[in-house]
Structures are given as C-alpha cells and as structure tokens.
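Numbering (this note's numbering), first residue to last: -6 to 68. First up is the structure itself, then whatever we jot down about it.
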C-alpha cells in the first residue's frame, strides 16, 4: 500500500481525516503530522479530491461549481 502526503491546512486536517475514514479510505493523521492517505483506486482519488476541494474553496466557490455542473448535465 502506498501512502502519499497531502498538504492541507491544520484546522481542516482532522475534518478531512474523519470524512475520508467515513468514505472507507485508508488514512492516518497524528498530531502535528501531515495527513497521509492511501490512493488505492481512481474512485478513491476522486473522493479525496472532493474532500480536499471542500476545505480549499469557499462555500460560494463550491456553490458556483455545483451550479455549473448542473448546467452541463441539463444540456
């Protein structure tokens, strides 16, 4: 199993860790250490991207992105 280090703000690290665990993605997070995540499949990579996107963008940016996604699928 390969563990990659992902850079994430310390305040958001634990929230991301718990969400990734809920999704069944193997990860490790110790105090004052980086979040380590096992990217075992393309599906896991997309889920990790989604979780990290939530911590790196404002609520307005996420809402705008979701609106654009709905417009693309509606056409």
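Positions of the beta carbon are idealized from the N, C-alpha and C atoms, including for glycine. Note that the structure is predicted; figures quoted are calculated from it, not measured.
Within 10 angstroms of the beta-carbon of residue 20 lie 16 or more other beta-carbons, which makes it buried. Using a 10 angstroms sphere on the CB of residue 30, the tally of other CB atoms reaches 16 or more, which defines it as buried. By the Cβ neighbour-count rule, residue 55 is exposed, with fewer than 16 other Cβ atoms within 10 Å of its own. The continuous beta strand (DSSP E) containing residue 30 extends over residues 28 to 31.
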